[in-house]
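Colleague: Line by line, the protein sequences give chains Y and H. Following the numbering used here, the numbering of the first sequence begins with 1 at its first residue and continues without gaps. Following the numbering used here, the numbering of the second sequence begins with 1001 at its first residue and continues without gaps. Backbone N, C-alpha and C define an ideal beta-carbon position, used for all residues, glycine too. Following this message is one structure expressed as structure tokens.
Protein chains: 2
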Amino acid sequence: MKAPAKLELGDFLPYLTNRVGMIVAEQFGNDALAEHGLSIAMWRVMAVLASRGSQRQIDLADLTSIEVSTLSRLITRLIRKGLVTRTRSINSNREVTVKLSPKGQSLVNHLIPIALDFEAAAIAGLSVKDIAVLKRCLRHMYGNMKKRSAATGGRGHGTSS
Amino acid sequence: MKAPAKLELGDFLPYLTNRVGMIVAEQFGNDALAEHGLSIAMWRVMAVLASRGSQRQIDLADLTSIEVSTLSRLITRLIRKGLVTRTRSINSNREVTVKLSPKGQSLVNHLIPIALDFEAAAIAGLSVKDIAVLKRCLRHMYGNMKKRSAATGGRGHGTSS
């Protein structure tokens, strides 16, 4: 009989990655977003609209890594808060475009420097070279998991209606 | 007047980290944990108990990066599922020790190879050297954020009762 496999959590990359993602999101959420009633996902949407301008909902899903049906609900909440607007294209009734309202733009202008401070705090002490490797590895890992998800039929990435 | 700061989400490390953490957790959760009614946090607890043996609740919080009051609720759920047991120390009524039950040990033995396969899928194509840098950077970032949290009075890391 084979001995059971061992797993040392403190050396397990999914854990090391997830706890960093969570601690940064939690602190930024509590210190900067909560007072505005925003979640991390809502912040992502606003940050993308600020840097890229108005976007089709389908492209926003890609740019924020938020799944389409979740995104649609988030946008509805952002509209209720007066932070974004959603318009249907004249060309296609199914094509929806989302943009920041002036109130949304002003809030995102306030939040961006705080977000950049959080990033700076998180990577303080790492070299430029380390940071480049880190970003490359994280993008590569995300790509691997996206491909895996597509290959296994996208279980858990419900794009079905 | 200063121009508003720009933030490109696709180059922002908190985003790059968080989306990797989430996609791995989501796929592993859906494909391996959901059928056993386990969350990622519950899995972490079981993985640590499997590799380190029985633990005081306070040490488990450290080893899993799960905040004490959340951990206590998770352990209650794991006990109800018959996967762990919790005993009070004879020496100190406040000292609680948690260990895997035989049923919990058997489940974790089943899950570890699956978890290692997920890790392997996530890092496929990265060199050993890259992976070493990645782990070092992620540990460093986590340490930075923990220190920051302690320095700002631990807002968002409620260890208060």
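Between Y:L9 and chain H, is there a C-beta pair that is closer than 9 Å?
Modeller: So, interface residue.
Colleague: Could you pull out every unbroken beta strand (DSSP E) segment of at least 3 residues lying fully inside the segment 1044 to 1086 of chain H, listed in chain order?
Modeller: Within the segment 1044 to 1086 of chain H, no complete beta strand (DSSP E) run reaches 3 residues.
Colleague: Quickly, what does DSSP pair H:R1088 with across the bridge? List them, please.
Modeller: Partner(s): H:V1096.
Colleague: Let's test the definition: count the other Cβ atoms within 10 Å of the Cβ of H:S1065 and tell me whether it reaches 16, buried, or not, exposed.
Modeller: Label assigned to H:S1065: buried.
Colleague: Can you pull the chain Y neighbours of H:T1064, defined as C-beta to C-beta under 8 Å?
Modeller: Under the 8 Å cutoff, chain Y gives L9.
Colleague: When DSSP labels each residue in this structure, what does Y:F12 get in the three-state scheme?
Modeller: Coil at Y:F12, not helix or strand.
Colleague: Residues of chain B with a CB under 7 Å from the CB of Y:R19: which are they?
Modeller: In the structure shown, chain B cannot be found, because the protein chains are Y and H.
Colleague: Give the range of the alpha helix (DSSP H) segment to which H:D1117 is assigned.
Modeller: Note, H:D1117: alpha helix (DSSP H), P1102 to I1123.
Colleague: To be precise: take each residue of the segment 1129 to 1141 of chain H, compare its Cβ to all Cβ atoms of chain Y, and keep it if any distance is under 8 Å. Which residues remain?
Modeller: Hits within the stretch, in order: D1130, I1131, V1133, L1134, K1135, R1136, C1137, L1138, R1139, H1140 and M1141.
Colleague: Taking only beta-carbon atoms, is Y:A5 less than 9 Å away from chain H?
Modeller: It does: the Cβ of Y:A5 has a partner Cβ on chain H nearer than 9 Å.
Colleague: In whole angstroms, give me the CA-to-CA distance for Y:T152 and Y:D62.
Modeller: For Y:T152 and Y:D62, the distance between alpha carbons rounds to 19 Å.
Colleague: Pick from H:E1008, H:Y1015, H:V1108 and H:L1007: whose alpha carbon is nearest that of Y:L134?
Modeller: Per the Cα distances, H:Y1015.
Colleague: Should Y:G21 be labelled buried (16 or more other beta-carbon atoms within 10 Å of its own) or exposed?
Modeller: Classification of Y:G21: buried, given that the 10 Å Cβ count is 16 or more.
Colleague: Just to confirm before moving on: does the CB-CB distance between Y:S51 and H:K1006 stay below 9 Å?
Modeller: Yes, they are a contact pair.
Colleague: So, helix, strand or coil for H:K1006, using DSSP?
Modeller: In the structure shown, H:K1006 sits in coil (DSSP, three-state: anything other than H, G, I, E or B).
Colleague: Round the Cβ separation of Y:T85 and Y:S101 to the nearest angstrom and send it over; I've been treating them as touching at under 8 Å.
Modeller: With 8 Å as the limit, Y:T85 and Y:S101 qualify as a contact, their Cβ atoms being about 6 Å apart.
Colleague: Mind checking if Y:V24 is an interface residue toward chain H, Cβ cutoff 9 Å exclusive?
Modeller: With 9 Å as the cut-off, Y:V24 counts as an interface residue toward chain H.
Colleague: Can you find a C-beta in chain H that's less than 9 Å from the C-beta of Y:G104?
Modeller: It does not; no Cβ of chain H falls within 9 Å.
Colleague: Indicate the three-state DSSP secondary structure (helix, strand or coil) for H:G1143 in the structure shown.
Modeller: Of the three classes helix, strand and coil, the one that applies to H:G1143 here is helix, per DSSP.
Colleague: Based on Cα-Cα distance, which residue from H:K1099, H:I1040 and H:A1047 lies nearest to H:T1070?
Modeller: Comparing Cα-Cα distances from H:T1070 to each of H:K1099, H:I1040 and H:A1047, the minimum goes to H:I1040.
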